[in-house]
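Enquirer: Below you'll find the structure I mean.
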Amino acid sequence: MALIVHKYGGTSMGSTERIRNVARRVAKWARAGHQMVVVPSAMSGETNRLLALAKELAPQKPGAAYHRELDMLASTGEQVLVGLLAIALQSEGMDSVSYAGWQVPIKTNSAYTKARIESIDDRRIRADLAEGKVVIVTGFQGVDEDDNITTLGRGGSDTSAVAVAAALKAQECLIYTDVDGVYTTDPRIVPEARRLETVSFEEMLEMASLGSKVLQIRSVEFAGKYKVPLRVLSSFTPWDIDLAEEARSGTLITFEEDEQMEQAIVSGIAFNRDEAKISILGVPDKPGIAYQILGAVADANIEVDVIIQNVSKDGKTDFSFTVHRNEYAKTMDLLKEKVLPALGAQEVVGDAKICKVSIVGIGMRSHVGVASKMFRCLSEEGINIQMISTSEIKTLVVLDEKYMELAVRALHRAFDLDQPAAA
Ligand code: ADP
Ligand code: ASP
Ligand code: MG
5 MALIVHKYGG TSMGSTERIR NVARRVAKWA RAGHQMVVVP SAMSGETNRL LALAKELAPQ
65 KPGAAYHREL DMLASTGEQV LVGLLAIALQ SEGMDSVSYA GWQVPIKTNS AYTKARIESI
125 DDRRIRADLA EGKVVIVTGF QGVDEDDNIT TLGRGGSDTS AVAVAAALKA QECLIYTDVD
185 GVYTTDPRIV PEARRLETVS FEEMLEMASL GSKVLQIRSV EFAGKYKVPL RVLSSFTPWD
245 IDLAEEARSG TLITFEEDEQ MEQAIVSGIA FNRDEAKISI LGVPDKPGIA YQILGAVADA
305 NIEVDVIIQN VSKDGKTDFS FTVHRNEYAK TMDLLKEKVL PALGAQEVVG DAKICKVSIV
365 GIGMRSHVGV ASKMFRCLSE EGINIQMIST SEIKTLVVLD EKYMELAVRA LHRAFDLDQP
425 AAA
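Going by this note's numbering, the sequence shown opens with residue 5, and the numbers climb by one from there.
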């Protein structure tokens with residue numbers, strides 16, 4: 005008997021029929037003798053629908069008060085599903101009880117819309133499990149120290165599930181979703197993408213941070229920090245398939261590099277078009293400039309991603325970086341109003357129509373020429389690279405967003421990711 009956490013995404017619970025299917029699957033695991041905690045997210049499309057309603061009514065200059073209410077609103081999607089799933093389990097003859105984040109409680113900081121989990125009290129859940137109940141906990145939401153409801157950022161139910169698994173020292177956290185595992189790249193963009201049997205924790209961390217939305221980055225961080233065994237698998241298999249077969253399916257996130265993984269030079273390709281590029285031209289090239297620019301951006305709580313500074317010419321240089329597209333207008337205003345006048349730079353220009361495409365693989369550590377193969381592939385497709393950033397296990401390029409799909413497909417082919425990995 006083990007303590008297991010299941011997480012179900014929005015599409016997996018998109019109708020009462022699918023909720024019933026989830027209830028039957030969970031009941032199967034419970035009847036096999038496992039203690040079960042289930043973390044559902046909202047029905048697919050629901051969080052978007054709620055946030056769109058808020059946007060229609062939003063004040064001109066939204067501040068913290070508005071963001072508090074966004075969380076109050078967006079967290080309701082998850083609350084609907086925990087209630088429905090508990091009811092569906094009861095109708096399957098299982099004792100079950102549902103909790104909102106504040107009832108557990110799942111304590112977070114007060115960063116509305118992107119709160120971080122600080123602690124989880126496991127006592128209530130453990131008491132219910134001891135009584136033989138299936139416990140259902142809302143994904144995505146928590147509560148801050150002043151009892152305000154918070155949410156964990158888009159895709160945050162993954163993080164709730166892994167954090168609950170860590171708090172309960174669960175044997176495994178299973179993330180059920182609408183694909184049957186982690187693929188070499190998003191199978192919706194590249195139909196030839198292959199499912200990975202295993203992916204190393206470090207690679208998953210890079211892929212998630214570079215845009216593979218199959219797992220929220222913070223869920224991977226949590227899994228790494230607390231060594232939570234984590235698996236991504238399909239919720240669309242028949243609920244009554246053999247449990248042992250189901251437990252082996254999908255993709256396991258591993259903490260040890262096995263031999264096979266060392267052979268894969270590039271394991272996956274990640275991409276996103278969530279960012280915008282900003283360049284400050286004609287910056288005087290002297291000490292403290294990067295701090296003057298990026299310090300002001302950081303003070304405004306804006307996260308910066310890729311950063312590039314050119315060599316200087318005649319004592320002047322150009323400085324570019326990317327921010328999330330949602331923060332683009334705010335960053336441009338900040339730079340124009342506060343930073344540029346103090347800096348003596350000539351101009352700030354921006355481009356919101358960019359994308360990031362990255363190749364990821366721990367095998368890159370021990371192989372040279374991987375990045376140049378990437379650049380050759382892109383040049384053969386006639387795609388101009390705007391920015392480059394590398395680390396030990398990834399090479400990232402910033403491109404015009406119109407080339408995103410072309411680049412991902414071409415790179416997937418160039419690195420033979422559609423071929424089964426060499427044994
Ligand atoms: P859920 O609602 O279950 O949380 P998400 O939509 O958040 O589901 O995540 C699953 C989706 O992630 C898939 O449908 C797929 O399109 C996308 N995805 C992106 N990159 C990958 C990848 N490398 N492997 C698998 N799926 C990926
Ligand atoms: N419902 C939330 C969202 O759509 C959380 C999640 O799905 O994980 O972002
Ligand atoms: Mg998700």
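Here a beta-carbon is modelled for each residue, glycine too, at the ideal position from N, C-alpha and C.
These numbers were taken from a predicted model, which means no experiment stands behind them.
So what's Ile152 in DSSP terms, helix, strand or just coil?
Expert: Stepping through the sequence shown from its first residue, residue 152 is reached at position 148. First, the residue type needs correcting, since residue 152 is Asn and not Ile in the sequence shown. The answer is coil: DSSP assigns Asn152 none of H, G, I, E or B.
Enquirer: Within 7 Å: the Cβ of Pro191 and any heavy atom of the ligand ADP?
Expert: The residue labelled residue 191 in the question sits at position 187 within the sequence shown. The answer is yes for Pro191.
Enquirer: Cβ of Ile379 within 7 Å of any heavy atom in the ligand ASP?
Expert: On the sequence shown, position 375 is the one that residue 379 refers to. What sits at residue 379 in the sequence shown is Phe, not Ile. The answer is no for Phe379.
Enquirer: Looking at Ile397 and Glu207, is the spacing between their C-beta atoms short of 8 Å?
Expert: On the sequence shown, residue 207 is found 203 positions in, with the first residue counted as 1. On the sequence shown, residue 397 is found 393 positions in, with the first residue counted as 1. Remark: C-beta atoms of Glu207 and Ile397 approach each other more closely than 8 Å.
Enquirer: Measuring alpha carbon to alpha carbon, tell me which residue in Val138, Asn113, Phe205 is nearest Arg35.
Expert: Stepping through the sequence shown from its first residue, residue 35 is reached at position 31. That would be Val138, whose Cα lies nearest to the Cα of Arg35.
Enquirer: For a quick check, are the C-beta atoms of Ile8 and Met40 less than 8 Å apart?
Expert: One-based indexing of the sequence shown puts residue 8 at position 4. One-based indexing of the sequence shown puts residue 40 at position 36. Result yes, Cβ atoms of Ile8 and Met40 sit closer than 8 Å.
Enquirer: If distances are taken between C-alpha atoms only, which option among Trp33, Asn25, Met17, Ala6 comes closest to Glu249?
Expert: Numbered from its first residue, the sequence shown carries residue 249 at position 245. Measuring from the Cα of Glu249, the nearest candidate turns out to be Trp33.
Enquirer: With H, G and I counted as helix, E and B as strand and the rest as coil, what does DSSP make of Ala104?
Expert: For the purposes of this step, residue 104 is taken as residue 100 along the sequence shown, with counting starting at 1. DSSP places Ala104 in coil when its eight states are reduced to three.
Enquirer: Is Ser161 near the ligand ASP - that is, is its Cβ less than 7 Å away from at least one heavy atom of it?
Expert: Reading the sequence shown from its first residue, position 157 is the one you call residue 161. Yes, Cβ of Ser161 sits closer than 7 Å to a heavy atom of the ligand ASP.
Enquirer: Under a three-way DSSP split, which group does Val301 fall into?
Expert: Position 297 of the sequence shown, counted from the first residue, corresponds to residue 301. Helix.
Enquirer: Kindly give me the distance between the Cβ atoms of Ser223 and Val43, rounded to whole angstroms, as I take these residues to be in contact under 8 Å.
Expert: In the sequence shown, residue 223 corresponds to position 219, counting from 1. In the sequence shown, residue 43 corresponds to position 39, counting from 1. Rounded, the Cβ-Cβ distance is 11 Å, inconsistent with contact.
Enquirer: Quick check: does the Cβ of Gly215 come within less than 7 Å of any heavy atom belonging to the ligand ASP?
Expert: Taking the sequence shown and counting its residues from 1, the one referred to as residue 215 is at position 211. No, the ligand ASP has no heavy atom inside 7 Å of this Cβ.
Enquirer: Alpha carbon to alpha carbon, how far is Gly37 from Ser95? Give it in angstroms, no decimals.
Expert: As a first step, residue 95 must be located in the sequence shown, where it is residue number 91. As a first step, residue 37 must be located in the sequence shown, where it is residue number 33. Whole-angstrom Cα-Cα distance: 19 Å.
Enquirer: For Val353, count neighbouring C-beta atoms within 10 Å of its own C-beta (all shown protein chains included) and say buried if the count is 16 or more, exposed if not.
Expert: In the sequence shown, residue 353 corresponds to position 349, counting from 1. Val353 sits exposed, since fewer than 16 C-beta atoms from the chains shown fall within 10 Å of its C-beta.
Enquirer: Within this structure, are the beta carbons of Ala300 and Asp355 separated by less than 8 Å?
Expert: In the sequence shown, counting from the first residue as 1, residue 300 sits at position 296. In the sequence shown, counting from the first residue as 1, residue 355 sits at position 351. Not a contact, by the Cβ cut-off of 8 Å.
Enquirer: Using a Cβ-based criterion (distance less than 7 Å to any ligand heavy atom), does Gly49 qualify as near the ligand MG?
Expert: Indexing the sequence shown from 1 puts residue 49 at position 45. Outside the cutoff, so no.
Enquirer: When burial is assigned at 16 or more other CB atoms within 10 Å of the CB, is Gly49 buried or exposed?
Expert: The residue you call residue 49 lines up with position 45 of the sequence shown. Burial is judged here by how many other beta carbons sit within 10 angstroms of a residue's own beta carbon; Gly49 has fewer than 16 and is exposed.
Enquirer: Between the C-alpha atoms of Val412 and Val361, what's the straight-line distance to the nearest angstrom?
Expert: As a first step, residue 412 must be located in the sequence shown, where it is residue number 408. As a first step, residue 361 must be located in the sequence shown, where it is residue number 357. Their backbone Cα atoms lie some 7 Å apart in a straight line.
Enquirer: Go through the region 215-249 residue by residue and report every complete run of the beta strand (DSSP E) that reaches 3 residues or more, in order.
Expert: Runs found: 234-238.
Enquirer: Return yes when the Cβ of Asp404 is within less than 8 Å of the Cβ of Lys357, no when it is not.
Expert: Looking up residue 357 in the sequence shown gives position 353. Looking up residue 404 in the sequence shown gives position 400. Closer than 8 Å, so yes.
Enquirer: According to the neighbour-count rule (16 or more other Cβ atoms, all chains shown, within 10 Å of its Cβ), is Asp151 buried or exposed?
Expert: The sequence position of residue 151 within the sequence shown is 147, counting from 1. Counting Cβ neighbours within 10 Å, Asp151 comes out exposed, since fewer than 16 surround it.
Enquirer: Cβ of Leu172 within 8 Å of Cβ of Ile129?
Expert: Residue numbering aside, residue 172 sits at position 168 when the sequence shown is read from its first letter. Residue numbering aside, residue 129 sits at position 125 when the sequence shown is read from its first letter. Yes, Cβ-Cβ distance for Leu172 and Ile129 is below 8 Å.
Enquirer: What separation, rounded to the nearest whole angstrom, lies between the Cα atoms of Gln423 and Thr189?
Expert: For the purposes of this step, residue 423 is taken as the residue at position 419 of the sequence shown. For the purposes of this step, residue 189 is taken as the residue at position 185 of the sequence shown. For Gln423 and Thr189, the distance between alpha carbons rounds to 13 Å.
Enquirer: Just the C-alpha distance for Trp106 and Asp162, rounded to the nearest angstrom, thanks.
Expert: Reading the sequence shown from its first residue, position 102 is the one you call residue 106. Reading the sequence shown from its first residue, position 158 is the one you call residue 162. In a straight line, the C-alpha of Trp106 is about 17 Å away from that of Asp162.
Enquirer: Which of helix, strand or coil does DSSP assign to Met211?
Expert: Start at 1 with the first residue of the sequence shown, and residue 211 comes out as number 207. DSSP places Met211 in helix when its eight states are reduced to three.
Enquirer: Can you check whether the CB of Asp75 is closer than 8 Å to the CB of Thr154?
Expert: Residue numbering aside, residue 154 sits at position 150 when the sequence shown is read from its first letter. Residue numbering aside, residue 75 sits at position 71 when the sequence shown is read from its first letter. In contact: Thr154 and Asp75 (Cβ atoms closer than 8 Å).
Enquirer: Phe419 to Val270, Cα distance in whole Å?
Expert: Mapped onto the sequence shown, residue 419 falls at position 415. Mapped onto the sequence shown, residue 270 falls at position 266. Whole-angstrom Cα-Cα distance: 7 Å.
Enquirer: Any heavy atom of the ligand ADP closer than 7 Å to the Cβ of Tyr230?
Expert: In the sequence shown, residue 230 corresponds to position 226, counting from 1. Incorrect: Tyr230 has no Cβ contact closer than 7 Å to the ligand ADP.
Enquirer: Pull up the CB-CB distance for Cys359 and Arg277, whole angstroms please, since I reckon it's below 8 Å.
Expert: Numbered from 1 along the sequence shown, position 355 holds the residue referred to as residue 359. Numbered from 1 along the sequence shown, position 273 holds the residue referred to as residue 277. That pair is a contact at about 4 Å.
Enquirer: Let me know if Asn25 comes out buried or exposed under the rule of 16 or more other beta-carbons within 10 Å of its beta-carbon.
Expert: Counting from one through the sequence shown, the residue named residue 25 turns up at place 21. Under this definition Asn25 is a buried residue.
Enquirer: Using C-beta distances below 8 Å, list every residue in its chain close to Glu409, excluding the 5 sequence neighbours before and after it, in chain order.
Expert: For the purposes of this step, residue 409 is identified with residue 405 of the sequence shown, where counting begins at 1. Contacts found: Ile193.
Enquirer: Using 8 Å for Cβ pairs, my map puts Ala197 next to Ile284. What's the rounded Cβ distance?
Expert: The count along the sequence shown starts at 1 and reaches residue 197 at position 193. The count along the sequence shown starts at 1 and reaches residue 284 at position 280. Not really, about 38 Å apart at Cβ, beyond 8 Å.
Enquirer: Using the C-alpha atoms, what's the distance from Met211 back to Gln296?
Expert: Taking the sequence shown and counting its residues from 1, one reaches residue 296 at position 292. Taking the sequence shown and counting its residues from 1, one reaches residue 211 at position 207. Rounded to whole angstroms, Gln296 to Met211 spans 31 Å at the Cα level.
Enquirer: If you draw a straight line from the alpha carbon of Phe325 to that of Gln64, how long is it in whole angstroms?
Expert: Here residue 325 is taken as the residue at index 321 of the sequence shown, counted from 1. Here residue 64 is taken as the residue at index 60 of the sequence shown, counted from 1. So the alpha carbons of these two residues sit roughly 27 Å apart.
Enquirer: Hey, could you find the ends of the alpha helix (DSSP H) Phe419 is sitting in?
Expert: Stepping through the sequence shown from its first residue, residue 419 is reached at position 415. Element bounds for Phe419: n/a, residue is neither H nor E.
Enquirer: Taking C-alpha atoms, which residue in Gln313, Glu307, Phe275 lies nearest to Pro291?
Expert: As a position in the sequence shown, residue 291 is number 287, starting the count at 1. Of Gln313, Glu307, Phe275, the residue nearest in Cα terms is Gln313.
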